[in-house]
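Asks: Offset between the sequence shown (1-based) and this note's numbering: plus 8. The C-beta atom is built at its ideal place from N, Cα and C for all residues, glycine as well.
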Amino acid sequence: MRLEARPSNENLRRDEAAERSGLVTTHDYAIHVDFSQAEDPAVPSYPVTTRIAFDATEGSATFLDYLGYSLESITLNGTALNPEDVVDGARLRLSGLAASNVVEIVSASAYSRSGEGVHRFVDPADGNTYLYSQNEPADARRIFPNFEQPDLKARFSISITAPDQWHAASNGALVGLREAAGTNSTREFATTEPMSTYITTFLAGPYALWNDHYEGVTASGEAVTVPLGIATRASLAASMDAHEVFDLTKRGLDWFHTHFDIAYPWGKYDQAFVPEYNLGAMENPGLVTFTERYVFTSPATEAQHEQRANTIMHEMCHMWFGDLVTMAWWDDLWLKESFADYVGTLVVDEATDFTTAWTTFASRRKAWAYRQDQYPTTHPIVADITDLEAADQNFDGITYAKGASVLKQLSAFVGQNAFLAAARAYFTRHAWGNTRLSDFLSALEEASGRDMGAWAEAWLQTAGVNRLSLELTEAEGKIASATLVQDGIDPRSGETVLRPHVAKVGAYSPAADAPAARTAQVAVRVEGARTPVPELVGTPLGSAWLVNDEDLSYAKIGMDESTLRIALGEGLDDELARATALAGAWNLVRDAALPVERFVDGVVSNAGLIEDSGVLAQSFAQAGSGLESYTLAGDRQELLARWVTYLLESVVEAPEPSDERTVRLRALFASLAEQETPDAQSLEVTEAWLADDEFALGEELAWAALVALAAHGRRSEEELRAADAAAPTAISATGLTRALAARPLAAAKDAARAAAYSGADASGATLSNDHLQATIDGLGIDPSGVGAGHEDEYFERIADVWAQQTQGQATRVVEGLFPAGAELADGDGATHPTVLAAESWLAAHAEAPAALRRLVIERLDDVRRRLGAQAASQRG
Numbered sequence: 009m010r011l012e013a014r015p016s017n018e019n020l021r022r023d024e025a026a027e028r029s030g031l032v033t034t035h036d037y038a039i040h041v042d043f044s045q046a047e048d049p050a051v052p053s054y055p056v057t058t059r060i061a062f063d064a065t066e067g068s069a070t071f072l073d074y075l076g077y078s079l080e081s082i083t084l085n086g087t088a089l090n091p092e093d094v095v096d097g098a099r100l101r102l103s104g105l106a107a108s109n110v111v112e113i114v115s116a117s118a119y120s121r122s123g124e125g126v127h128r129f130v131d132p133a134d135g136n137t138y139l140y141s142q143n144e145p146a147d148a149r150r151i152f153p154n155f156e157q158p159d160l161k162a163r164f165s166i167s168i169t170a171p172d173q174w175h176a177a178s179n180g181a182l183v184g185l186r187e188a189a190g191t192n193s194t195r196e197f198a199t200t201e202p203m204s205t206y207i208t209t210f211l212a213g214p215y216a217l218w219n220d221h222y223e224g225v226t227a228s229g230e231a232v233t234v235p236l237g238i239a240t241r242a243s244l245a246a247s248m249d250a251h252e253v254f255d256l257t258k259r260g261l262d263w264f265h266t267h268f269d270i271a272y273p274w275g276k277y278d279q280a281f282v283p284e285y286n287l288g289a290m291e292n293p294g295l296v297t298f299t300e301r302y303v304f305t306s307p308a309t310e311a312q313h314e315q316r317a318n319t320i321m322h323e324m325c326h327m328w329f330g331d332l333v334t335m336a337w338w339d340d341l342w343l344k345e346s347f348a349d350y351v352g353t354l355v356v357d358e359a360t361d362f363t364t365a366w367t368t369f370a371s372r373r374k375a376w377a378y379r380q381d382q383y384p385t386t387h388p389i390v391a392d393i394t395d396l397e398a399a400d401q402n403f404d405g406i407t408y409a410k411g412a413s414v415l416k417q418l419s420a421f422v423g424q425n426a427f428l429a430a431a432r433a434y435f436t437r438h439a440w441g442n443t444r445l446s447d448f449l450s451a452l453e454e455a456s457g458r459d460m461g462a463w464a465e466a467w468l469q470t471a472g473v474n475r476l477s478l479e480l481t482e483a484e485g486k487i488a489s490a491t492l493v494q495d496g497i498d499p500r501s502g503e504t505v506l507r508p509h510v511a512k513v514g515a516y517s518p519a520a521d522a523p524a525a526r527t528a529q530v531a532v533r534v535e536g537a538r539t540p541v542p543e544l545v546g547t548p549l550g551s552a553w554l555v556n557d558e559d560l561s562y563a564k565i566g567m568d569e570s571t572l573r574i575a576l577g578e579g580l581d582d583e584l585a586r587a588t589a590l591a592g593a594w595n596l597v598r599d600a601a602l603p604v605e606r607f608v609d610g611v612v613s614n615a616g617l618i619e620d621s622g623v624l625a626q627s628f629a630q631a632g633s634g635l636e637s638y639t640l641a642g643d644r645q646e647l648l649a650r651w652v653t654y655l656l657e658s659v660v661e662a663p664e665p666s667d668e669r670t671v672r673l674r675a676l677f678a679s680l681a682e683q684e685t686p687d688a689q690s691l692e693v694t695e696a697w698l699a700d701d702e703f704a705l706g707e708e709l710a711w712a713a714l715v716a717l718a719a720h721g722r723r724s725e726e727e728l729r730a731a732d733a734a735a736p737t738a739i740s741a742t743g744l745t746r747a748l749a750a751r752p753l754a755a756a757k758d759a760a761r762a763a764a765y766s767g768a769d770a771s772g773a774t775l776s777n778d779h780l781q782a783t784i785d786g787l788g789i790d791p792s793g794v795g796a797g798h799e800d801e802y803f804e805r806i807a808d809v810w811a812q813q814t815q816g817q818a819t820r821v822v823e824g825l826f827p828a829g830a831e832l833a834d835g836d837g838a839t840h841p842t843v844l845a846a847e848s849w850l851a852a853h854a855e856a857p858a859a860l861r862r863l864v865i866e867r868l869d870d871v872r873r874r875l876g877a878q879a880a881s882q883r884g
């Protein structure tokens, strides 16, 4: 029986899940998947057999979740059921349940091109086929029928049939191998400990492999031995720096065993780097999957290596926070993601040789949080997640970066020792189980001796960003009074939100021909709207006052004129302070309180001081995007030209390969592609760099340059395809897609737009997640404006896109094709035609899926901010 591609009832609700968990207790799954025909592109699916043992309230009815390709048979407690009677869209209905039950299903599931479920990828370099799975939050049901909710844990026994020469892996260690038909064999894997469906994993293909082992000891003295493995595509093997990854893995395991004091509980620890991955990584116990962007085939900066280390530690933290102890429902997603984001950064800082983890966090990670938390759709860290579509959207800057920022604040509030003691008690008490907010708070209260109720209500159950500003009065050139002022608004309700903060205020005093150095620092506990800071009284004026020095709290910062002048001029003589100040200034730009031109001047002034390539990359990206979006249309091209000239000249002056050169070239090519009429020299120099093997652009930067040249008609389709054919890789394939869509031809734009809306290329082949994104990105590069004028089509088509494509793919389209290029000359945040069109669509589609409406609301807010920032630029 063939199943629906996207049934209307696939969006499982929280109340349905709660009702089911009240009826059902799951015990065991036995799953077999057959990938023996995966290399044949004409075969769209793979056979699956599933056996589930579960208890239920006798006589009750329930359902399994399944988004499969077809259903052959289903048997409940030995009785064959008619598939026609069982299948209800995304659900398999089961009734007349016994106290103890066994259901057996024979089915087929579809290979994915969207990175959801089992994704199939054909390597353009050698034609090899690779498979991997990605299931969070609810895509295991695309692979096998199951109870797809995190609180119905079970043990999983998984087997995979695949070609003999392939590597196959799952959560458990390989324990059996038997022959199968043809040149295939079946691999059997050890039964797991109890875990949720979303962290099951399947991997198969001719992966290149590395092996090592870890030996360590917990704080309590328990010896721990863990087999380690790494896998990546064979064509990337030469670029896989396995030694560094193994070293980081061992350092991380040492840290967690020392501070969590619970032995790694999942047997082996494999790490697979896979293609076309939607995420940075996924914490499948025993087999963590990572984006293969962490296999560096082009020159990689120290910041990229640090980010990979951070992701490794983030996923490792999940082995305890998330896998061993799991949230009961997605409301408490923060119980794993916030913790992993905070602790992962902490481990990089304390256990590795990287020295700028918290600087990167302040500059890059928190920028994501501040942006997300100011949308009208913001939510508390502990969110109200009513269904799976909402769960999928809440893997956002609030759940990750704001939550991590708040946990950093919590650690300052109660002390790191108390925080880690609470974690240890939490793991011991709830191992293999599911928890809610109250469970962690209980452990934290016991460890700290504090009542955490008020803190949790203020930080975890309200939304929005606070601002901390220093209010000074003066007398005779000195500070007469100093008050730390807190304000904050919940964007959803408009109500005032004040929170407790542990913060520091730093004074940075200018010096001749040198950055301003810290000359004083005061610790402040903020409890309300106004907190006196008497320690500053009598201090001479003229310093830069950095509120939230050391970036302890989560808050935007106020910056007076003296502080702005110093921070954006001579700069601050401390890397974290510099990152905090630049992040604060960028927030002022987004709030229409600082012209973007002044911010860009500050980035240029600070560029020579910034040591962290991650901070430099973030600042350059903000400067470039700010010039493209937040300037007046009449001034933009001149400002972009100055910016491109600055970047070009800085590379010409220092052409030797370095992290700084890589960052500057990335920024240069991105902005060059946005110029309407770039200077001929910029294009000619770019051409020369491409042709110069000794300049060593590397694959990534070479394709960025080709995209910029294509956007200005300097590369034909034939030339672009020849460049791809000369060295075919996954990077070149997406680079080609992006470059073809970026060409200043109406036909190219029309083809890209049609492909994005349909999710398929001109031949009808489904676009993968990476190629859909590349198509959208290339379509958006349109300096000549040849692709403009399709705003009405967007609002006419997005509801159908949402209904027809998977949520992941549809999200790319709805976000990427939104008509975001509003100009102040056409109207402000209340009257602009795009604003009115979006408001009209929202009014007419009040019953549209909440997840779709959220995306439109957020893009509308981006347009209003763009227009507000342009108005600030106009005011000067």
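What's the call for Lys486, buried or exposed, on a 16-neighbour Cβ count within 10 Å?
Replies: By the 10 Å Cβ count, Lys486 comes out exposed.
Asks: Ignore the nearest five residues each way along the sequence and tell me which others in Leu617's own chain have a CB closer than 7 Å to its CB.
Replies: Closer than 7 Å at the Cβ level, and outside the excluded window around Leu617, lie Pro523, Gly579, Arg586.
Asks: Within this structure, are the beta carbons of Leu287 and Tyr272 separated by less than 9 Å?
Replies: No. Outside cutoff.
Asks: Quick one: what's got a C-beta closer than 6 Å to Arg101's C-beta in the same chain, skipping five residues either side?
Replies: Result list for Arg101: Phe71, Val94, in chain order.
Asks: Tell me whether Gly514 sits in a helix, a strand or coil according to DSSP, three-state version.
Replies: In this structure, Gly514 counts as strand in the three-state DSSP scheme.
Asks: Nearest CA to the CA of Asp357: which residue from Leu256, Ile270, Phe427, Trp274?
Replies: Nearest C-alpha to Asp357: Leu256.
Asks: With distances taken between CB atoms, is the gap from Pro153 to Ser204 smaller than 9 Å?
Replies: Contact flag unset, no.
Asks: Quick one: give me the first and last residue of the alpha helix (DSSP H) that Asn595 is part of.
Replies: Where Asn595 is concerned, the enclosing alpha helix (DSSP H) stretches over 583 to 598.
Asks: What do you reckon, are the CB atoms on Cys325 and Ala348 nearer than 9 Å?
Replies: Cβ distance < 9 Å, so Cys325 and Ala348 count as in contact.
Asks: Compute the distance between the beta-carbons of Ser613 and Gly577, then report whether it is under 9 Å.
Replies: Cβ atoms of Ser613 and Gly577: closer than 9 Å.
Asks: Going by other Cβ atoms of all chains shown within 10 Å of its Cβ, with 16 needed for buried, is Leu844 buried or exposed?
Replies: When all chains shown are included, Leu844 counts as exposed.
Asks: To which residues does DSSP link Ile618 through a beta bridge?
Replies: Answer is none; Ile618 lacks a bridge partner.
Asks: At which residues does the alpha helix (DSSP H) containing Leu139 begin and terminate?
Replies: Unbroken run through Leu139 is the beta strand (DSSP E), 137 to 142; no alpha helix (DSSP H).
Asks: In terms of residues, what are the limits of the alpha helix (DSSP H) holding Asn777?
Replies: Segment 777 to 788, the alpha helix (DSSP H) holding Asn777.
Asks: Ala433 by DSSP, collapsed to three states: which one?
Replies: The answer is helix: DSSP assigns Ala433 an H, G or I state.
Asks: Please determine if the region 174 to 188 and the region 56 to 64 are in contact, where contact requires at least 3 C-beta pairs separated by less than 8 Å.
Replies: Because the criterion of three Cβ pairs below 8 Å is not met, the region 174 to 188 and the region 56 to 64 do not touch.
Asks: Rounded to whole angstroms, what is the Cα-Cα separation between Lys416 and Val351?
Replies: Taking the straight line from one Cα to the other gives about 9 Å.
Asks: If distances are taken between C-alpha atoms only, which option among Thr226, Leu217, Ala227 comes closest to Leu244?
Replies: Taking only the C-alpha atoms, the option nearest Leu244 is Leu217.
Asks: Provide the residue span of the alpha helix (DSSP H) that contains Asp220, from first to last.
Replies: First-last for Asp220: 216 to 225, but that is the beta strand (DSSP E), not the alpha helix (DSSP H).
Asks: Could you tell me how far apart the beta carbons of Ala807 and His853 are, in whole angstroms, since I believe they sit closer than 8 Å?
Replies: So it is a contact: roughly 7 Å between Cβ atoms.
Asks: Between which two residues does the alpha helix (DSSP H) harbouring Gly125 extend?
Replies: Where Gly125 is concerned, there is no enclosing alpha helix (DSSP H), although the beta strand (DSSP E) it sits in stretches over 125 to 130.
Asks: Short of 7 Å in beta carbon distance, which residues of its chain neighbour Gly123, apart from the five on each side in sequence? Order them along the chain.
Replies: Hits under 7 Å: Gln142, Glu284, Tyr285, Asn286, Asn777, Gly816.
Asks: What separation, rounded to the nearest whole angstrom, lies between the Cα atoms of Arg507 and Pro540?
Replies: Computed Cα separation, rounded: 16 Å.
Asks: In whole angstroms, what is the alpha-carbon distance linking Ala713 and Arg674?
Replies: The straight-line gap from Cα to Cα measures roughly 9 Å.
Asks: Tell me which residue opens and which closes the beta strand (DSSP E) that His322 is part of.
Replies: No beta strand (DSSP E) contains His322, which is instead part of the alpha helix (DSSP H) from 310 to 326.
Asks: Note down the Cα distance separating Ala466 from Val505, rounded to an integer number of angstroms.
Replies: Their Cα atoms are separated by approximately 8 Å.
Asks: Looking at Val623: is its Cβ nearer than 9 Å to the Cβ of Thr367?
Replies: Yes, the pair counts as a contact, with Cβ atoms nearer than the cut-off.
Asks: Please determine whether the Cβ atom of Met290 lies at a distance below 8 Å from any heavy atom of the ligand GTP.
Replies: Among the components of this structure there are no ligands whatsoever, and the ligand GTP is therefore not found.
Asks: Report yes if the C-beta distance between Ser117 and Ile151 is below 9 Å; otherwise report no.
Replies: Yes, the Cβ-Cβ distance between Ser117 and Ile151 is below 9 Å.
Asks: Report yes or no: do the region 679 to 687 and the region 645 to 658 share at least 3 C-beta pairs separated by less than 8 Å?
Replies: Short answer: they touch.
Asks: For His779, which option in His798, Arg746, Phe803 has the closest C-alpha, if you only look at C-alpha atoms?
Replies: His779 has its Cα closest to that of Arg746, out of His798, Arg746, Phe803.
Asks: Measuring CB to CB, does Asp568 end up less than 9 Å from Ala525?
Replies: Cβ atoms of Asp568 and Ala525: not closer than 9 Å.
Asks: Does DSSP put Ser53 in a helix, a strand or coil?
Replies: The answer is strand: DSSP assigns Ser53 an E or B state.
Asks: Could you give the DSSP three-state label for Ile574: helix, strand or coil?
Replies: Residue state, collapsed to three classes: helix.
Asks: Could you check if Arg437 is buried or exposed, using at least 16 other CB atoms within 10 Å of its CB as the buried criterion?
Replies: Per the 10 Å Cβ criterion, exposed.
Asks: Classify Pro523 as helix, strand or coil using the three-state DSSP reduction.
Replies: Residue state, collapsed to three classes: strand.
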